[in-house]
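The opening residue of the sequence shown carries number 1 in full-length UniProt numbering; numbering runs sequentially from there. Note that beta-carbon positions come from the ideal geometry of N, C-alpha and C, so glycine has one too.
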Amino acid sequence: MAGVNALHPLRDELDATLQHAVQSLEHFAEAPDQGASLQACIDDLQQIGGILTLIELNGAELLVIELTELALALTPGSMTVTDDRLDCLGRGLFILERYLNYVVTQRDELPELLLPEINRVRKARGEAALPESWFFTVRLDVKTEASEPLVKPLESNKSPIRRLRQMYQMGLLGMMSQEKPYAGVKLMQRSMLHLHRLSQKETITELFLVAAACLEAIADVEMALTPNRRILFSRLDQQIRRLQLNAGQHVLDIPRLHQKELLYLLALADSDSELAQGVRDRYKITALPFNDVSLGNARQVMSGPDNGVFQSLSEALSEELATVKDTLDLLERGAGQDPDFGELQNHIVRLGKTLSMTGLHSAANTLQRQQPLVRQWHDVGAVGTPEELDSVAEAVLYVETMVSALSAGPGRASVEAQGAEKPREESHVTKRHLQEASSVVQSEAVAGITLSKRAVTAYLESDYDKIHLESLPRSLSAIAGGLYFLGEDRCSDILQYCARFIREHIMEQESIPSDRVMEVFADVLSSLEFYLESLDIPATTPVDALKLAENALDELGYHVAA
1 MAGVNALHPL RDELDATLQH AVQSLEHFAE APDQGASLQA CIDDLQQIGG ILTLIELNGA
61 ELLVIELTEL ALALTPGSMT VTDDRLDCLG RGLFILERYL NYVVTQRDEL PELLLPEINR
121 VRKARGEAAL PESWFFTVRL DVKTEASEPL VKPLESNKSP IRRLRQMYQM GLLGMMSQEK
181 PYAGVKLMQR SMLHLHRLSQ KETITELFLV AAACLEAIAD VEMALTPNRR ILFSRLDQQI
241 RRLQLNAGQH VLDIPRLHQK ELLYLLALAD SDSELAQGVR DRYKITALPF NDVSLGNARQ
301 VMSGPDNGVF QSLSEALSEE LATVKDTLDL LERGAGQDPD FGELQNHIVR LGKTLSMTGL
361 HSAANTLQRQ QPLVRQWHDV GAVGTPEELD SVAEAVLYVE TMVSALSAGP GRASVEAQGA
421 EKPREESHVT KRHLQEASSV VQSEAVAGIT LSKRAVTAYL ESDYDKIHLE SLPRSLSAIA
481 GGLYFLGEDR CSDILQYCAR FIREHIMEQE SIPSDRVMEV FADVLSSLEF YLESLDIPAT
541 TPVDALKLAE NALDELGYHV AA
């Protein structure tokens, strides 16, 4: 709080110096061969940096240091002065001003807000980006031997690490997809949990535990998967490979940067899942004053025009559309007395122009195609045919869909417009119904496998009470039948073998299956779950997930014929 309290009396001086720095930068951008303006900007930045150092406003201080270094790297009249670098300097000064406003109004400093801008400046300087956990503090020297194990180790250390690595890689491919990436995250989490259980004599097992907890938290809250986060988890595959090559040699240290970054993401996710909470307690991580969502929202607000602008525009357009819909409703019911077709025409023309300016060209064109009809109604003083009225109404409903997407930003609306034509052009109703039925069967299959996994967990946690598994063979066979209907013969066969495993190795046996056997069986179910959740993702071929399930079944003594 020292920086926050000390900022207020210095605010006027900082604002004046910032404005002078911006003006000097603008003069230099107009005449890049004149160094006086650039030097004035550098002097202002150094003065601002000195003040921020004095009051210990660390995040803002680091941003100013980076901006100063970038300005010093410019040589007037040379190739070092580029539009990108000048834009980066200007944006950095703008963000700095907005951040100081945030600190004053919120009476709290949040240096994490500035990290994307700091990295943008570092990139312009040719420097490596700082990790997300740069401002995060945690002790990494947890004494594992003095801590109570969070996860029960497996009874055997003879592990199919190769298969577990394949499972992780399969999940990683799913994470990289733009649709349903959290199915892959769940598969990765399961792989990491196994690796932790199987490598508890290795130092690196702690990294696997943290990664498993982090992935569990990410899937629990569906945390944003940024490119840097995906890169982090792809690098963990290298650590699995190290274990695969060196298992048993006890030489595998923990990459501290990876560990810290994972712990930060775990804290940022703010998940209440059991393993996530256990690891947070293990490392004595206190709750952050923000989470991933609130941090992203604050960055949007600070970065200038945000989604609030588009939200306001969406609301204004929705009001205009509501007026048009009311008029069309009265026309359809014949309840309007002397309807004002001229006013209706004006609304549609005005909406079309606004949508075109907003970038929703598909929606604008849809309305423009209806203008001749409305003009004709105006000329004759009546609606032509019911089909014409339906045509205009359907166009308005389509535009309403595009406007509702506008509140998420113009990019989202454009994407939706690319995949949508006029709603009245829908055809092949039977095919659509079949697709809907297939989707329902697929969803029910995923839900059924999820319930099966829970039944297995309940069986293990209840000291092997078979009552939890009594209905499982029948449920798995029913799911298999549904998948056969979808043409998923291979997946259906695997589920039938799963039903056989439950009957033959558990229900009909007096002995208790080993933890190892049950873990492998759970891997089969997880692989099937991932496969089914990935079926409707375009440009994705999750067939390897079935191979993973078949390999696990092989370990259980069941060979699935190709």
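Just tell me which of the options has its CA closest to the CA of residue i.
i           : options            : result
residue 261 : 289, 290, 239, 229 : 229
residue 506 : 110, 518, 132      : 518
residue 290 : 473, 322, 266, 93  : 266
residue 454 : 475, 486, 234      : 475
residue 142 : 100, 281, 38       : 281
residue 208 : 219, 188, 221      : 188
residue 116 : 179, 227, 35       : 227
residue 129 : 24, 220, 119, 213  : 119
residue 547 : 78, 113, 65, 170   : 170
residue 444 : 388, 180, 360, 532 : 532
residue 522 : 460, 66, 285, 489  : 460
residue 400 : 317, 369, 330, 327 : 317
residue 24  : 44, 398, 330       : 44
residue 565 : 222, 22, 463, 97   : There is no way to answer for residue 565, as the model of the chain reaches only from 1 to 562.
residue 132 : 352, 395, 295      : 295
residue 140 : 225, 279, 97, 302  : 279
residue 176 : 196, 224, 488      : 224
residue 192 : 173, 239, 179      : 239
residue 508 : 78, 479, 466       : 466
residue 93  : 182, 315, 18       : 18
residue 504 : 469, 534, 480, 333 : 469
residue 167 : 190, 479, 256, 181 : 190
residue 396 : 379, 364, 378      : 364
residue 65  : 197, 256, 47, 464  : 47
residue 361 : 161, 234, 398      : 398
residue 82  : 98, 32, 56, 49     : 32
Return yes when the Cβ of residue j is within less than 8 Å of the Cβ of residue i, no when it is not.
i           : j           : result
residue 575 : residue 472 : Because the chain spans 1 through 562 in this model, residue 575 falls outside it and cannot be assessed.
residue 245 : residue 202 : no
residue 232 : residue 194 : no
residue 263 : residue 283 : yes
residue 212 : residue 313 : no
residue 285 : residue 138 : yes
residue 185 : residue 164 : no
residue 67  : residue 7   : no
residue 355 : residue 320 : no
residue 403 : residue 497 : no
residue 271 : residue 217 : yes
residue 480 : residue 520 : no
Among residues of its own chain, excluding the 5 on either side of residue i, which ones have a beta-carbon nearer than 7 Å to its beta-carbon?
i           : result
residue 415 : Low confidence applies to residue 415: its pLDDT is 43, below 50, so where it sits in the model is not reliable enough to give any reading.
residue 127 : none
residue 13  : none
residue 4   : 103, 107, 108, 109
residue 549 : 494, 524, 527, 528
residue 375 : 345
residue 348 : 324, 367, 370, 371, 374
residue 441 : 482, 485, 486
residue 40  : 24
residue 388 : 373
residue 38  : 28, 71, 74, 76
Measuring only between beta-carbons, confirm whether residue i sits less than 8 Å from chain B.
i           : result
residue 517 : Of the protein chains in the structure, only one exists, and it is not chain B.
In chain order, what residues of the same chain lie with their CB nearer than 8 Å to the CB of residue i, ignoring the 5 residues before and after it?
i           : result
residue 381 : 341
residue 299 : 113, 116
residue 88  : 70, 120, 121, 124
residue 80  : 73, 74
residue 95  : 63, 114, 117, 302, 303
residue 530 : 170, 171, 174, 183, 184, 186, 187, 542, 545
residue 135 : 58, 59, 111, 112, 115
residue 237 : 165, 168, 169, 172
Short of 6 Å in beta carbon distance, which residues of its chain neighbour residue i, apart from the five on each side in sequence? Order them along the chain.
i           : result
residue 42  : 71
residue 35  : 76
residue 438 : 486
residue 54  : none
residue 85  : 124
Discussion item. Runs of 4 residues minimum, wholly inside the UniProt domain "Scaffold protein FimL second" (158-293): which ones carry the alpha helix (DSSP H) assignment?
Written reply: 161-176, 181-198, 205-221, 227-246, 256-269, 274-282
Item to complete: Starting from the N-terminal side, write out each stretch of the alpha helix (DSSP H) that is 4 residues or longer and does not extend beyond the segment 311-375.
Response: 341-358, 361-368
Discussion item. In chain order, what are the residue ranges of uninterrupted beta strand (DSSP E) at least 3 long that sit wholly in the segment 28-95?
Written reply: none
Discussion item. For a minimum of 4 consecutive residues, which ranges assigned as the alpha helix (DSSP H) are wholly contained in the segment 93-149?
Written reply: 115-125
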